[in-house]
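Heads up: the sequence shown begins at 77 in my numbering, then just goes up one per residue.
Even for Gly, the Cβ is constructed at its ideal location relative to N, Cα and C.
To start, the structure itself, in structure tokens.
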Amino acid sequence: MKIVRATLNDVEFVAPLFNKYRVYYDQPSQLKAAIRFLYDRLSMDESVVFIAVDEVVGVEKALGFIQMYPSFSSVSLEKLWVLNDLYVEEDERQRGVARALLMEAKKFAVDSHTKGIILETTPENKVAQNFYEKIGFKRDENIHYYYFQ
């Protein structure tokens with residue numbers, strides 16, 4: 077398995093996984109819209125996507141992906157990354173794919189001289205919380221998250 081940073085040439089390769097990720101969160105399957113969305117984000121440098129790739133009998137297969145969006149901290153005057161999407165094919169889970177993707181994301185955050193990476197999970201997603209904490213993420217007990225829709 078290798079982790080590669082997605083380019084515009086990889087959009088159609090990773091889009092089926094991105095579509096499955098959205099379906100997991102109860103969104104309708106919209107592969108064409110997923111392709112367009114990823115293309116737009118990457119072409120405008122609005123996100124960074126890493127893909128876990130395996131080669132089986134000379135054919136590359138996308139195992140999972142991670143997508144981060146840039147943000148900024150006015151207080152620290154630094155750029156940071158928002159880890160928004162992480163997905164691994166169901167039959168590829170428990171093989172270290174998510175860990176490899178997150179380690180690459182962490183390396184990228186350090187190499188790009190940013191404050192770090194922030195992410196969120198639902199309160200009941202204890203598996204994800206434990207996983208993130210095991211690889212160095214810390215829960216911020218001092219912040220309350222709000223949104224407007």
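Legend entry - Supposed contact pair residue 163 and residue 140 - C-beta distance, whole angstroms, cut 8 Å: Counted from its first residue, the sequence shown places residue 140 at position 64. Counted from its first residue, the sequence shown places residue 163 at position 87. Right, the Cβ-Cβ distance comes to about 6 Å (below 8 Å), so this counts as a contact.
Legend entry - In chain order, each alpha helix (DSSP H) run of at least 4 residues that lies wholly inside the segment 83 to 155: With a minimum length of 4 residues, the unbroken runs of alpha helix (DSSP H) contained wholly in the segment 83 to 155 fall at 87 to 100 and 107 to 119.
Legend entry - Given residue 195 as reference, the closest of 177, 157 and 173 once Cα atoms are compared: Here residue 195 refers to the residue found at position 119 when the sequence shown is read from its first residue. Selected option, being the one with the closest Cα: 157.
Legend entry - Cutoff 7 Å; reference residue 190; Cβ partners in own chain excluding five residues on either side: Translated into the one-based positions of the sequence shown, residue 190 becomes position 114. Answer for residue 190: 154, 155, 156 and 157, listed in chain order.
Legend entry - From 161, 132 and 152, residue whose alpha carbon lies closest to that of residue 142: Counting from 1 along the sequence shown, the entry for residue 142 is found at position 66. Ranking the options by Cα distance to residue 142, first place goes to 161.
Legend entry - Test item: CB-CB of residue 171 and residue 207 under 9 Å: The count along the sequence shown starts at 1 and reaches residue 171 at position 95. The count along the sequence shown starts at 1 and reaches residue 207 at position 131. Cβ atoms of residue 171 and residue 207: not closer than 9 Å.
Legend entry - Reference residue 79; option with closest CA among 179, 151 and 94: Residue numbering aside, residue 79 sits at position 3 when the sequence shown is read from its first letter. Answer by Cα proximity: 179.
Legend entry - Test: residue 214 CB closer than 9 Å to a CB of chain D: You won't find chain D in this structure, because it holds only one protein chain.
Legend entry - Where residue 224 falls, given that 16 or more other Cβ within 10 Å makes a residue buried: Reading the sequence shown from its first residue, position 148 is the one you call residue 224. Counting C-beta atoms within 10 angstroms of its own C-beta, residue 224 has fewer than 16 neighbours from the protein chains shown and is therefore classed as exposed.
Legend entry - First and last residue of the uninterrupted alpha helix (DSSP H) at residue 182: In the sequence shown, the residue the question calls residue 182 occupies position 106. Counted as a single uninterrupted DSSP element, the alpha helix (DSSP H) harbouring residue 182 occupies residues 173 to 187.
Inset, instruction - Measure the CB-CB distance between residue 94 and residue 136 and report whether it falls below 9 Å. - result: By one-based count along the sequence shown, residue 94 stands at place 18. By one-based count along the sequence shown, residue 136 stands at place 60. For residue 94 and residue 136, no; Cβs fall outside 9 Å.
Inset, instruction - Label residue 144 either buried or exposed according to how many other C-beta atoms from any shown protein chain fall within 10 Å of its C-beta, with 16 as the threshold for buried. - result: The count along the sequence shown starts at 1 and reaches residue 144 at position 68. Looking at its Cβ environment, which holds 16 or more other Cβ atoms inside 10 Å, residue 144 is buried.
Legend entry - For residue 78, the three-state DSSP class (helix, strand or coil): Taking the sequence shown and counting its residues from 1, the one referred to as residue 78 is at position 2. Reduced to three states, the DSSP call for residue 78 is strand.
Inset, instruction - Look at the Cβ atom of residue 105, then the Cβ atom of residue 98, and state whether they are nearer than 9 Å. - result: Position 29 of the sequence shown, counted from the first residue, corresponds to residue 105. Position 22 of the sequence shown, counted from the first residue, corresponds to residue 98. Yes. Within cutoff.
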